[in-house]
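These protein sequence lines map, in sequence, to chains A and B. Note that the numbering used here numbers the first sequence so that position 439 is 423, with each residue one more than the last. To convert, count from 1 in the second sequence and add 7; that's the numbering used here. Think of the CB as a built atom: it goes at the ideal place given N, C-alpha and C, for glycine as much as any other residue. Take a look at the structure set out below.
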Amino acid sequence: MVSLLWTTKDRANLISNIARYESSSRDRVGFSKCRIAILSGSTTSLVSRLLKLFLLDRGVDAEIFEGNFGNYIIDSMSPSDELNAFKPDIIYLHTSRVNLKIFRVSRDFAADNEKFSVIDQELELLTSAWKSLSEKFDCWIIQNNFDLPPHQSLGNAELTDVIGWNFVISELNQRLVAESRTFDNVVVNDINALSATVGLEEWWSPRDWIKHGFAISVISHTRLSFNLSTIIGTILGESKKCLIIDFDNTLWGGVVGELGVGAIELGPNSDRGKAFYDFQITIKDLQSRGVILAGCTKNDIDSALSGLSHPSSILSVDDFATIEASWDPKPIAVQRILETVNLKGSNVVFADDSEVEIASVKLAFPEIETLFLDSTYPERYSNLLLRPRYFETLKVTSDDANRKKTKFIKRPSRSYSSREFDQIKLLESLNGKLSISTPSINQLDRVIQLINKTNQFNLNGLRRSPNEIKRFLESKECCLLICEFKDDLADYGIIATIGGTFESDCLTIDIWVMSCRVFDRYIEIALISQLKQILMTRTVRFLKMRVKKTGRNSYFLQTGLRLGLSGDASFDECWLISVDSIPTFDSLPIKVDFK
Amino acid sequence: MHTRDSIKKACQEIFTQVFSDSSLTISEKTSASDIPTWDSLAQIQLLMALEISFGIQFSMDEVDDLKNVREIIDLIILKTTT
């Protein structure tokens, strides 16, 4: 539902499809219940329907009472029998600028104090309503503040002159908030800020007001109702408490394990660096007001921490309650994080630049809110994280401030049995297709680039000149293969290459690299299986690998160990195994095509 | 350029969407009395979808005059050809 809020077309579609969304939300098992009364100065039929939908999306099954049109003061001071019987948990006073008496009079006030006395009267009316409702019902009260008028007949003086409407509304809103603080149960719904975000020209429709009595345009009801649902969700304790965040291409540009900390994009020296820097400021702000921050990165711990030590990094290791840096599938890392911070998945937002990681976490933990951050647009990250208002709070408390200092002690890892993560099923659903072939001449630039910039999945870290690569391609004694990969999410292009030299009955592999964008996609397994078939048809009996520990290629070394390619050798020796003993994999979650 | 048939087809899709009823088939005579859930809010939803779909805006008076599908199609033709 939240994804339907951000363009005018989507908002219009949402309104046209209310009935469809309502009928698709019938299964409400385990939903929390809530009774909400809407007392209003305008038509409420649309806000009522949309609010119910947005709450269902949050797992709240709301029953809604609508007061009579324009009757909010009478309903508050002297509730009807129906409202008394309804016993609301929450009362929403849906008022706006159109309900201010001040707008019904001319503004030729004789003196400033007359203006302020009008504001006093408006406030007195509202605070009396709050008092009355608080005495009669044990409930929360949500009160709209006031939106600005769409037209500025005095121009800038609407704000700077004491008879300006913007000046009056600003004064009124400030005093409204001050008054609300004297009540424990009153929360202000800031439609002043919301209308500014939406834009007053979309927020207000004279046709919708005159024709239907809507205090805001039909289309803006979507944003208003969503705003309300976040406040109500917070009242009911449904807001998120923890952000689990990826590192590479999320907190900085590039893969720190590949590039080294000196070459990642972060800080003032590039546009992308500035964008990641700004995003770190956003996260730091969340963390500083009590959102628990957890790192979740496929990295060696040293590489992960080196990124945070970058001179332009706003975030430091100390800002994280816990950091999971490993090569395990992310759902397993997320499970460990949940155990460490002792939270349920429904309390957590998981953000990552990889659609596959997002899909894998969503599959394992449907209750976790996931956020895909497309690293093509790091400048959008802050907006993407903040606009769904995951971390809404009614008030920042001293507990929130203290929480940021809390360090969670990692519990001993336990096996991943409580919730089986079916990665195979996920990968099958993505319809991955791996194409293995000999590169053409016009593909060599990419092959050279891949070999010379890949660190984590790299046999030995050796850099190769274009001539060396060409020799691998042209010599009959040599073999050079590339892997191209695509799935339903993306076409990744050339993502791996392997190359070696035949010497009698042995193939010696000198090159084997793979892009970190396709880790955990079974590509190395498919490739080694295919290579085994090639070697068997050529009656090659041994496979030798010129492996070298580089300090950055532990992922490769661990993979070699896992696949049984290292034999008994250590990471610092050449690996030699018979072709027969290369493991075969009958069933893979990706399709393999060998040309 | 919209034809009467293409507008009617788009209306059919929008009606199906707004009333969440895939079995609903409209004719030019279809009016609010034929669809029990065609209330004032549904009317607002229909008009919003039509405005977005055809890139037009209805005036208050025009909205008042729309009593059935034929009148909706006539108005869309008028607004998209002038």
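Exercise. Where does residue 472 of chain A fall in DSSP's three states?
Worked result: coil
Exercise. Taking the C-alpha atoms as reference points, what is the distance between residue 331 of chain A and residue 218 of chain A?
Worked result: 11 Å
Exercise. From the beta carbon of residue 79 of chain B, is the nearest beta carbon of chain A less than 8 Å away?
Worked result: no
For this session: Inspect the beta-carbon positions of residue 268 of chain A and residue 230 of chain A and report whether they are closer than 8 Å.
Result: no
Problem set entry | Per-residue contacts from residue 590 of chain A into chain B (C-beta, under 8 Å) | The shown model of chain A, from -15 to 579, leaves out residue 590 of chain A, and the question about it has no answer.
Problem set entry | Test: residue 191 of chain A CB closer than 8 Å to a CB of chain B | yes
Exercise. Along chain B, which residues have their Cβ under 7 Å away from the Cβ of residue 29 of chain A?
Worked result: 48
Exercise. Is the stretch 201 to 217 of chain A close to the stretch 485 to 500 of chain A, with three or more CB pairs under 8 Å?
Worked result: no
For this session: Look at residue 347 of chain A and residue 355 of chain A and say whether their C-beta atoms are less than 8 Å apart.
Result: no
For this session: Using alpha carbons as the reference points, say which of A:122, A:193, A:114 lies closest to residue 166 of chain A.
Result: A:114
Problem set entry | Cβ of residue 26 of chain B within 8 Å of any chain A Cβ | yes
Exercise. So who's on the other strand from residue 575 of chain A, going by DSSP bridges?
Worked result: A:417
Problem set entry | Enclosing beta strand (DSSP E) for residue 518 of chain A [first to last residue] | First-last for residue 518 of chain A: 507 to 521, but that is the alpha helix (DSSP H), not the beta strand (DSSP E).
Problem set entry | Where residue 468 of chain A falls, given that 16 or more other Cβ within 10 Å makes a residue buried | buried
Problem set entry | Proximal residues, the stretch 58 to 72 of chain B versus chain A, C-beta separation under 7 Å | 59, 67, 70
Exercise. Distance, Cα to Cα, residue 108 of chain A vs residue 67 of chain A?
Worked result: 23 Å
For this session: Alpha carbon to alpha carbon, how far is residue 57 of chain A from residue 259 of chain A? Give it in angstroms, no decimals.
Result: 48 Å
Exercise. What is the DSSP secondary structure of residue -3 of chain A, counted as helix, strand or coil?
Worked result: helix
For this session: Look at the alpha carbon of residue 264 of chain A and the alpha carbon of residue 434 of chain A, and state the distance between them as a whole number of angstroms.
Result: 29 Å
Exercise. Under a CB-based cut-off of 8 Å, is residue 21 of chain B close to chain A?
Worked result: yes
For this session: May I have a chain-ordered list of the alpha helix (DSSP H) segments no shorter than 4 residues that lie completely inside the stretch 61 to 87 of chain B?
Result: 67 to 72
For this session: Please classify residue 516 of chain A: is it buried, with 16 or more other beta-carbons within 10 angstroms of its beta-carbon, or exposed?
Result: buried
Problem set entry | Touching by the beta-carbon criterion (3+ pairs, under 8 Å), the stretch 141 to 158 of chain A and the stretch -14 to -7 of chain A | no
For this session: Tell whether a beta-carbon distance below 8 Å holds between residue 511 of chain A and residue 420 of chain A.
Result: yes
Exercise. Would you report the Cα separation of residue 274 of chain A and residue 325 of chain A, rounded to the nearest angstrom?
Worked result: 13 Å
For this session: Could you tell me whether any Cβ in chain B is nearer than 8 Å to the Cβ of residue 278 of chain A?
Result: no
For this session: Scan the stretch 291 to 344 of chain A and note each continuous beta strand (DSSP E) run of 3 residues or more that stays entirely inside, going in chain order.
Result: 306 to 309, 332 to 336
Problem set entry | For residue 444 of chain A, the three-state DSSP class (helix, strand or coil) | coil
Exercise. Distance, Cα to Cα, residue 353 of chain A vs residue 315 of chain A?
Worked result: 13 Å
Exercise. Cβ of residue 16 of chain A within 8 Å of Cβ of residue 44 of chain A?
Worked result: yes
Exercise. Cβ of residue 584 of chain A within 8 Å of Cβ of residue 507 of chain A?
Worked result: The structure shown has nothing for residue 584 of chain A, since chain A only spans -15 to 579.
Exercise. Buried or exposed: residue 69 of chain A, going by 16 or more other Cβ atoms within 10 Å of its Cβ?
Worked result: exposed
For this session: Note down, in chain order, every chain B residue with its Cβ under 7 Å from the Cβ of residue 1 of chain A.
Result: 24
Exercise. Could you check where the beta strand (DSSP E) with residue 38 of chain A kicks off and where it finishes?
Worked result: Segment 29 to 41 is the alpha helix (DSSP H) holding residue 38 of chain A; no beta strand (DSSP E) there.
Exercise. Whose C-alpha, out of A:271, A:111, A:137, is nearest the C-alpha of residue 172 of chain A?
Worked result: A:111
For this session: Just the chain B side, please: which residues come within less than 9 Å of residue 159 of chain A by C-beta, in chain order?
Result: The premise fails here: residue 159 of chain A is roughly 35 Å from chain B at the closest Cβ pair, so nothing lies under 9 Å.
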